[in-house]
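Take the sequence shown: its letters are residues 51 to 113, numbered as in our numbering. For every residue, glycine included, the Cβ atom is placed at its ideal position computed from N, Cα and C. Since we're looking at a predicted model, the values are computed, not measured. The structure appears below as structure tokens.
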Amino acid sequence: MIKWADVIVVMEKMHRTKVQKRFRSSLNGKRMICLDIPDEFVFMDPALVALLEERLARHLPTG
């Protein structure tokens, strides 16, 4: 999935570091966005969903 991605989104800096280490050779020219959301939420937690929507909005095209 990394090879065909134009943008890679991670929740926190540690995730970014792990992706950079593991997929270094595949990241050339890729844009990586860190949302600075701590990985402490349970799956589909409404607070997490709200944070994701809020922080992703500025990175997604409108229309």
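Contact between Arg74 and Val57 is absent: CB atoms are separated by about 17 angstroms, not below the 8 angstroms threshold. When DSSP states are grouped into helix, strand and coil, Arg108 belongs to the coil group.
If you ignore the 5 residues before and after Ile52, its C-beta comes within less than 6 angstroms of the C-beta of Phe73 and Ser76, all in its own chain and listed in chain order. Nearest Cα to Asp86 within the set Arg105, Trp54 and Gly113: Arg105.
Apart from the 5 residues on each side of it in sequence, Leu110 has no Cβ closer than 7 angstroms to any other Cβ in its chain.
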